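A short worksheet on the structure shown next.
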Amino acid sequence: MQASPSAALPTQTAPNLAAAVDPLVNDPDLIDTLPDHTFLEQDEIATLKAMNATYCHATVGGKHAIVGQRPCQVQGSVLTFEAPGEFKNGFCTRG
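Sequential numbering of the sequence shown, starting at 1320, is according to my numbering.
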C-alpha cells in the first residue's frame, strides 16, 4: 500500500498578518518624507496608510501588479490585479 502524496508533505501554516508590525508606526522619519525628500502632510500620511491596508504590490508572471480586494455579489469578495499605470490613473482624478 502506498502513502498518499499529501502525507509526505510537511504542513505549513499561513503567516499571521494581523500580528505583523507596521514598520511605519515606529519610525516617524520614514513616513514624513518621500524618497525625493518631499515632506508629507498628516492627511497624506493617513491616506497612504489606508491605501497600504487595502492594496499591495506583487509580481505576476514577471510583471508588476497592484493587488486589491473588491466586493463581489457572488463570492463575497475577490482579489483584483491592476497594472501600476491603471492603478495610478484611478487615483489621479481624486482630489
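Here a beta-carbon is modelled for each residue, glycine too, at the ideal position from N, C-alpha and C. Computed from a predicted model, the values in this text were never measured in an experiment.
On the DSSP letters alone, give me the boundaries of the alpha helix (DSSP H) that Leu1398 sits inside. First-last for Leu1398: Gly1395 to Glu1401, but that is the beta strand (DSSP E), not the alpha helix (DSSP H).
For Phe1400, does the count of other Cβ atoms within 10 angstroms reach 16, so buried, or fall short, so exposed? exposed
Coil, strand or helix - Gly1409 by DSSP: helix
Expected contact under 8 Å - CB spacing of Ile1311 and Tyr1374 to nearest Å: In this structure the chain extends from 1320 to 1414, so residue 1311 is not present and cannot be described.
Helix or strand or just coil, what does DSSP make of Gln1392? coil
Quick check on DSSP: helix, strand or coil for Gly1380? coil
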